[in-house]
């Protein structure tokens with residue numbers, strides 16, 4: 001059994017990957033909090049549609065989420081699969097220092113805590129789903 | 143720097159490079175403070191000139207870390223104090239004092255400390271996230 005073949009697990013894995021990558025971008029911002037002319041970066045927000053799109057099996061192959069009803073969420077065509085791109089953020093002049101650095105340490109700390117909490121949530125979800133699989137695999141009455 | 147394999151390892155390597163840079167910055171601040179009243183030994187000569195650390199982004203384990211690029215002298219003017227008895231005094235009796243302001247150095251030190259703490263926090267969070275993932279193996 002391949003866990004990554006199960007859409008739920010594949011999605012959670014994508015989410016975990018996104019969050020640790022975001023953590024890395026935040027670390028870059030914090031590390032360069034005193035570098036002249038450095039502008040903070042961030043990832044594009046995690047989008048459900050893009051995830052579904054990246055999981056969707058090619059035409060004619062079963063497996064992966066499919067649109068089977070017109071009321072289903074529409075899938076963005078050409079969703080970003082794999083690694084997300086870090087984009088430079090636009091910052092207000094009031095938060096840019098004289099040397100051109102625009103990193104706000106407090107904001108980065110908030111983002112980091114946010115990423116950590118989401119990561120914990122996703123891990124918890126992963127663990128629970130694994131528990132469900134185990135429960136299904138267990139012999140009855142044991 | 144050693145080879146880094148995991149994403150959280152890269153995060154920690156970035157933060158570690160920043161710790162190193164801030165540490166170097168603290169060293170420069172200490173130099174400035176220690177020499178806050180180092181006047182010239184020759185008559186009419188220049189005293190200690192304040193040094194300024196300059197950071198630059200550096201590639202660490204494939205990501206953007208930070209390092210101290212160079213140390214630049216502070217071009218601001220020296221203060222002159224009338225001290226005819228001082229061996230470093232010029233013919234008119236004025237001694238040039240270093241352009242170090244202890245208040246600025248103290249604030250700079252506080253900033254370096256804050257940045258250092260922030261980076262420690264990053265390492266701590268990255269570590270916690272990784273150990274949370276490894277906990278999946280436990281049960």
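Protein chains in written order, with the numbering used here: chain B, 1 to 142; chain W, 143 to 281. Glycine included, each C-beta is placed from N, C-alpha and C at the ideal position.
In chain W, which residues lie with their C-beta within 7 Å of the C-beta of residue i?
| i | result |
| --- | --- |
| residue 127 of chain B | 278 |
| residue 120 of chain B | 274 |
| residue 28 of chain B | 156, 205, 206 |
I'd like to know whether the C-beta atoms of residue i and residue j end up nearer to each other than 8 Å.
| i | j | result |
| --- | --- | --- |
| residue 240 of chain W | residue 274 of chain W | no |
| residue 30 of chain B | residue 105 of chain B | yes |
| residue 197 of chain W | residue 208 of chain W | yes |
| residue 166 of chain W | residue 231 of chain W | no |
| residue 260 of chain W | residue 109 of chain B | yes |
Closest to residue i by CA distance: which of the options is it?
| i | options | result |
| --- | --- | --- |
| residue 107 of chain B | B:19, B:4, B:33 | B:33 |
| residue 37 of chain B | B:46, B:3, B:116, B:88 | B:88 |
| residue 247 of chain W | W:202, W:236, W:198, W:172 | W:172 |
| residue 13 of chain B | B:48, B:142, B:134 | B:48 |
When you compare only the Cα positions, how much space is there between residue i and residue j?
| i | j | result |
| --- | --- | --- |
| residue 264 of chain W | residue 140 of chain B | 46 Å |
| residue 126 of chain B | residue 90 of chain B | 35 Å |
| residue 128 of chain B | residue 168 of chain W | 47 Å |
| residue 256 of chain W | residue 158 of chain W | 15 Å |
| residue 81 of chain B | residue 115 of chain B | The predicted position of residue 81 of chain B is uncertain, since its pLDDT is 43 and thus under 50; no value can be drawn from it. |
| residue 182 of chain W | residue 188 of chain W | 5 Å |
If you run the structure through DSSP and keep just helix, strand and coil, what is residue i?
| i | result |
| --- | --- |
| residue 216 of chain W | coil |
| residue 209 of chain W | strand |
| residue 46 of chain B | coil |
| residue 124 of chain B | helix |
| residue 150 of chain W | helix |
| residue 113 of chain B | helix |
| residue 80 of chain B | With a pLDDT of 40 at residue 80 of chain B, under the threshold of 50, the modelled position of this residue cannot be trusted, and the question is left open. |
| residue 200 of chain W | strand |
| residue 237 of chain W | strand |
| residue 223 of chain W | strand |
| residue 267 of chain W | helix |
| residue 171 of chain W | helix |
| residue 140 of chain B | coil |
So which residues on chain B does residue i lean against when the C-beta distance must stay under 7 Å?
| i | result |
| --- | --- |
| residue 152 of chain W | 24 |
| residue 198 of chain W | 35 |
| residue 149 of chain W | 20, 21, 24 |
Can you pull the chain B neighbours of residue i, defined as C-beta to C-beta under 8 Å?
| i | result |
| --- | --- |
| residue 256 of chain W | 105 |
What in chain W is Cβ-close to residue i, meaning under 8 Å?
| i | result |
| --- | --- |
| residue 109 of chain B | 260, 263 |
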